[in-house]
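Contents: one structure, followed by commentary.
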Amino acid sequence: MVSTSPPDLSAPLILESLPNLPISSDGCPRRTRMQIDLILLALEALNLKGSEDILALSKQLELQGIIKNRVVLWQLRCTNPLRRFSQRRPLTQDEAKALVLIACQLARRMTVTIRQLLLEYEKLRETQTPIEKSPRLSYFLERFRAHFRARMNPRRSMVMTYKSNEKLNELGLKLFSQLLFCTGTAGPQRLWISLFDGEV
Amino acid sequence: MQRRYSLPNCTLVLEGLSNTIGDLSGTGIVSTLVNAECHIQGQEQPLSGGREFLESLIRSVSQYAQSILSGVRPPQTPPSEVVRIAPVEGHHRLSVAASDNGATPAQVDLSTVVLFDLVEAIDQLLADANTLPELVVPLQPLSRQFSNTSVPFAARAAAPALGLSSVAIAALVFALVPIPETVERPVDPVPEEVESVEGDGLSSAGTGTGTDDPPSRETADADSVELSPTLETTPDITDPDRVAELTQELYQQIDETWEERSSVVTDLTYRVSVGDDGSIIGYKAVSGSAEYYEPEIPLQDLLFIPTEGGRADAESLAEFKVVFRDNGNLEVSPWDGYLEETTQPDSESEFDDRESSLEESDTRRSNTDRSRIDESSPEESGSIEQLWAKTQGFLYDEWDDLPKPTFDKNLEYRVGVSEDGAISAVEPINQPAFDYIDETPLEEVERVTREDRNDTDDLAFFKVVFTPGGVIEMNPWDGRN
Chain A
4 MVSTSPPDLS APLILESLPN LPISSDGCPR RTRMQIDLIL LALEALNLKG
54 SEDILALSKQ LELQGIIKNR VVLWQLRCTN PLRRFSQRRP LTQDEAKALV
104 LIACQLARRM TVTIRQLLLE YEKLRETQTP IEKSPRLSYF LERFRAHFRA
154 RMNPRRSMVM TYKSNEKLNE LGLKLFSQLL FCTGTAGPQR LWISLFDGEV
Chain B
18 MQRRYSLPNC TLVLEGLSNT IGDLSGTGIV STLVNAECHI QGQEQPLSGG
68 REFLESLIRS VSQYAQSILS GVRPPQTPPS EVVRIAPVEG HHRLSVAASD
118 NGATPAQVDL STVVLFDLVE AIDQLLADAN TLPELVVPLQ PLSRQFSNTS
168 VPFAARAAAP ALGLSSVAIA ALVFALVPIP ETVERPVDPV PEEVESVEGD
218 GLSSAGTGTG TDDPPSRETA DADSVELSPT LETTPDITDP DRVAELTQEL
268 YQQIDETWEE RSSVVTDLTY RVSVGDDGSI IGYKAVSGSA EYYEPEIPLQ
318 DLLFIPTEGG RADAESLAEF KVVFRDNGNL EVSPWDGYLE ETTQPDSESE
368 FDDRESSLEE SDTRRSNTDR SRIDESSPEE SGSIEQLWAK TQGFLYDEWD
418 DLPKPTFDKN LEYRVGVSED GAISAVEPIN QPAFDYIDET PLEEVERVTR
468 EDRNDTDDLA FFKVVFTPGG VIEMNPWDGR N
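Chains A and B, in that order, are what the protein sequence lines are. Read in order, the letters of the first sequence correspond to residues 4 to 203 in our numbering. Read in order, the letters of the second sequence correspond to residues 18 to 498 in our numbering.
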């Protein structure tokens, strides 16, 4: 449904496509905040102008009342506790919803790339060929690793477990698979609900 | 009537009856299912069955897709499910059990892309109001009880490395903190508090005598190992950038290990000494009840303990005020405020409670020439510091996205930052800053935040310096730069 009314800054209509969940008033749980940021990070690895597209989409989806500008976007993403500059602020459900809707829309635009990468990976795995043999997959995984290493706090124990390229590639591929499930008809709903598995 | 939901690798075909009598157009509502077939590419025989099969397929596939997204898996599928999916060697094994309603037993391994096509076919069916409109999949998160058996996205890889958090943290501390070369005193535990230290011991820390000589006084009893000798002889870390970094690191160290937040019912203030490598060398309860609550906070666990025994001596130290708030918030700030020069506190009694120590640091701040938006209250100065840290972090991340810089002189700018962090009023203040502004994220950031800015926003001004070595120095603008 397309809203014709001016954007209501307090609660954009589109947010209603995702249900409110009974979480604590302190905002979204830690895993939720982590996963949202990582999904966006994976999208950025696939899309050269990721953060610009996120902001453009925020306008398009009338979410600019929540994601006002690049700095606010950065702050919201930095509620990921693994971030180097992790922010001490809660992530509200509305903010999380906005990021989820944007991420899924962005993923949808990149459906073809995501599918191709996963098919390529499956082919490599079947023939037990190392990832390096696929220039395209290597390229995107390298971008993912670079983003991850630049943004995440290397002192966090969880981040330390991704020290090797191999482990980070595994994480990247896993996120690419997750992105595929975001591209579908019910992608936003599925992603949204999954963010709270084991948390309610 | 037949309905097809076709995806590249999977087609769902439903045959059913309409309840509209005489509907020959095929466009009516299919309300009764006769047969469902799921054609998967590469499989000769479709998976098929009746209503029970279809509903079970939807439930199982839906739940499985959710577990792919969350990494949390329910312990087991109920035995009554006709269709089950489980991960097998990088594939997703879908099996159909024989059922009374005509489902054909089968087993097929799906790749992730094929599985997604199946999910999508199902979602299109569910979204189709003209086919079995009463079919719904109640998407809901797994309850907390499953979180124990969960495999969060990262833990899979991390499993061997992550034990109980205390173990992990200890390992982290040992792994990251180089063992100081001068481990002078073979005394067992590290000092935890300096209860017995008189005011002059700690307060002299701020002055920094500048000698690198380690303390020579031998102390055999752990209880009397005091912080003060180290502090007396160890120079302060005065570089504001390093202090800011250490502030951030200390915050994160403590924040990630502070578990029992609800048991803290009053604000607890500690004075914490940190070595130049970020390790916590010592701490002291400052507010009255802080000592009593010590078991509830993680400082003890975070203390750097040299593996060879003895105590940690750092080459230089910085001191921080750490406040564990009763609302679960954590505050970390340099003990002397964000200052390069320090003054000596008059007496230990000043640190009896939070208010007085805040006043203390605020007074010191206003003694300097550093200008800030408003010096009227400690809360506001806190927000300036937050704004500062936040803007610096943001600029680092943005800068990181740009190509490697080519300039070889520092680029100096005067930058205005509004309360919500929008950057504006970027002004180069030296020639290289004009010439190389494209190599900084400033212009772009200013451009994209311009339209969101409110002209009436108060701006805090900072001097921002980009160095060829990749460092962003940021200091409050004092009007003289």
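Heads up, the beta-carbon is just placed ideally off N, CA and C, and yes, glycines get one too.
Quiz item: At what residues does the beta strand (DSSP E) containing A:Ile57 begin and finish?
Solution: Taken as a continuous stretch (DSSP letters only), A:Ile57 belongs to no beta strand (DSSP E), being part of the alpha helix (DSSP H) at 53-63.
Quiz item: Whose Cβ in chain B lies nearer than 7 angstroms to the Cβ of A:Ala48?
Solution: Contacts between A:Ala48 and chain B, judged by CB atoms closer than 7 angstroms, are missing: the closest CB pair is about 12 angstroms apart.
Self-check item: Whole alpha helix (DSSP H) elements within the stretch 245-309 of chain B, 4-residue minimum
Solution: As summarised for the stretch 245-309 of chain B, the continuous alpha helix (DSSP H) elements at least 4 residues long and confined to that stretch are 245-250, 257-274, given in chain order.
Self-check item: Segments assigned beta strand (DSSP E), at least 3 residues, entirely inside the stretch 175-202 of chain A
Solution: For the stretch 175-202 of chain A, not a single whole beta strand (DSSP E) run of length 3 or above is found.
Exercise. For the alpha helix (DSSP H) holding B:Met18, just list the boundary residues, first then last.
Key: Counting along the chain, no alpha helix (DSSP H) covers B:Met18, and no H or E run does either.
Quiz item: Who pairs with B:Met491 in a beta bridge, going by DSSP?
Solution: Partner(s): B:Val481.
Quiz item: Does the Cβ of A:Gln96 have 16 or more other Cβ atoms within 10 Å, making it buried, or fewer, making it exposed?
Solution: Under this definition A:Gln96 is a buried residue.
Exercise. Identify the continuous beta strand (DSSP E) that holds B:Ala442 and give its terminal residues.
Key: Run containing B:Ala442: 440-445, per the beta strand (DSSP E) assignment.
Quiz item: The beta strand (DSSP E) with B:Arg101 in it runs from where to where?
Solution: Per DSSP, the continuous beta strand (DSSP E) segment holding B:Arg101 begins and ends at 100-105.
Practice problem: Can you grab the Cα-Cα spacing for the pair B:Gln83 / A:Asp200, in whole Å? | Solution: C-alpha separation (whole angstroms): 8 angstroms.
Self-check item: Under the three-state DSSP convention, the category B:Gly33 falls into
Solution: Correct three-state label for B:Gly33: strand.
Exercise. Determine, using beta carbons only, whether B:Asp66 comes closer than 8 angstroms to chain A.
Key: Residue identity check: residue 66 of chain B is Gly in the sequence provided, not Asp. Output row for B:Gly66: interface = no.
Practice problem: Determine which residues share a DSSP beta bridge with A:Ala99 and list them. | Solution: Looking at the DSSP output, A:Ala99 sits in no beta bridge, so it has no partner there.
Quiz prompt | Listed by chain order, chain A residues near B:Phe6 by CB distance under 8 angstroms | solution = An answer regarding residue 6 of chain B cannot be provided, because it is not within the stretch 18 to 498 covered by chain B.
Quiz item: What number of angstroms, rounded off, separates the C-alpha of A:Ser220 from the C-alpha of A:Lys100?
Solution: An answer regarding residue 220 of chain A cannot be provided, because it is not within the stretch 4 to 203 covered by chain A.
Quiz item: Which residue or residues does DSSP assign as beta-bridge partners of B:Cys27?
Solution: B:Cys27 pairs with B:Leu24, B:Ile57.
Quiz item: Between the stretch 332-340 of chain B and the stretch 281-296 of chain B, do three or more beta carbon pairs fall short of 8 angstroms?
Solution: Under the 8 angstroms Cβ criterion, the stretch 332-340 of chain B counts as touching the stretch 281-296 of chain B, having at least three qualifying pairs.
Quiz item: Of the residues that make up the stretch 81-113 of chain A, which ones have a beta carbon closer than 8 angstroms to any beta carbon in chain B?
Solution: If the cut-off is 8 angstroms between Cβ atoms, the stretch 81-113 of chain A has Cys81, Pro84, Arg87, Phe88, Ser89, Gln90, Arg91 near chain B.
Practice problem: Taking B:Gln124 as part of the alpha helix (DSSP H), name the residues at either end of that continuous run. | Solution: Where B:Gln124 is concerned, there is no enclosing alpha helix (DSSP H), although the beta strand (DSSP E) around it starts and stops at 123-127.
Practice problem: Rank B:Val443, B:Glu348, B:Val432 by C-alpha distance to the C-alpha of B:Gln403 and give the top, closest one. | Solution: Taking only the C-alpha atoms, the option nearest B:Gln403 is B:Glu348.
Quiz item: What do you reckon, is the C-beta of A:Arg33 under 7 angstroms from a heavy atom of the ligand ZN?
Solution: This structure does not include the ligand ZN; it has no bound ligands of any sort.
Practice problem: With DSSP as the reference, label A:Val74 as helix, strand or coil. | Solution: Per DSSP, reduced to three states, the secondary structure at A:Val74 is helical.
Exercise. Output the distance between the C-alpha atoms of A:Ser8 and B:Leu143, rounded to the nearest integer angstrom.
Key: Residue confidence for A:Ser8 is low, a pLDDT of 46 falling below 50, so the modelled location carries little weight; the figure read from the coordinates is stated next. Roughly 29 angstroms separates the two Cα atoms.
Quiz item: CA-CA distance, B:Gly33 and B:Glu277?
Solution: Each residue's Cα considered, the two are about 58 angstroms apart.
Practice problem: State the CB to CB distance for the pair A:Gly175 and A:Arg148, rounded to an integer number of angstroms; the pair is presumed to be in contact (CB under 8 angstroms). | Solution: Confirmed, about 7 angstroms.
Self-check item: Opposing strand residues paired with B:Arg161 [DSSP bridges]
Solution: In the DSSP assignment, no residue is bridged to B:Arg161.
Exercise. Answer with yes or no whether the minimum CB distance from B:Ile271 to chain A is below 8 angstroms.
Key: With its beta carbon at least 8 angstroms from every one in chain A, B:Ile271 lies outside the interface.
Quiz item: Just the Cα atoms here: how many angstroms apart are B:Asn26 and A:Leu183?
Solution: B:Asn26 and A:Leu183: Cα-Cα distance of roughly 14 angstroms.
Self-check item: Cβ-Cβ separation, B:Ser304 to B:Asp284 (assumed contact under 8 angstroms), whole Å
Solution: Here B:Asp284 really is in contact with B:Ser304; their C-beta atoms are around 7 angstroms apart, less than 8 angstroms.
Quiz item: Is DSSP giving A:Gly68 helix, strand or coil here?
Solution: Collapsing the DSSP output to three states places A:Gly68 in coil.
Quiz item: Using Cβ-Cβ distances below 7 angstroms, what residues of the stretch 101-130 of chain B are close to chain A?
Solution: So the list reads Gly107, Ser128, Thr129, Val130, given in the order they occur along the chain.
Quiz item: Can you give the beta carbon distance from B:Val289 to B:Pro351, rounded, assuming they're within the 8 angstroms contact cut?
Solution: About 11 angstroms separates the beta carbons of B:Val289 and B:Pro351, which is beyond the 8 angstroms limit, so they are not a contact pair.
Quiz item: Skipping 5 residues on each side, what residues in its chain have a beta carbon closer than 6 angstroms to that of A:Glu202?
Solution: These residues qualify, in order along the chain: Pro32.
Quiz item: Helix, strand or coil: how does DSSP classify B:Val153 here?
Solution: Of the three classes helix, strand and coil, the one that applies to B:Val153 here is coil, per DSSP.
Practice problem: Identify each residue in the stretch 431-442 of chain B for which the Cβ-Cβ distance to at least one residue of chain A is less than 8 angstroms, and report them in chain order. | Solution: Those would be Asp437, Gly438, Ala439, Ile440, in chain order.
Practice problem: Name the two residues that bound the continuous beta strand (DSSP E) containing A:Ser167. | Solution: That residue, A:Ser167, is in no beta strand (DSSP E); it is neither H nor E in DSSP.
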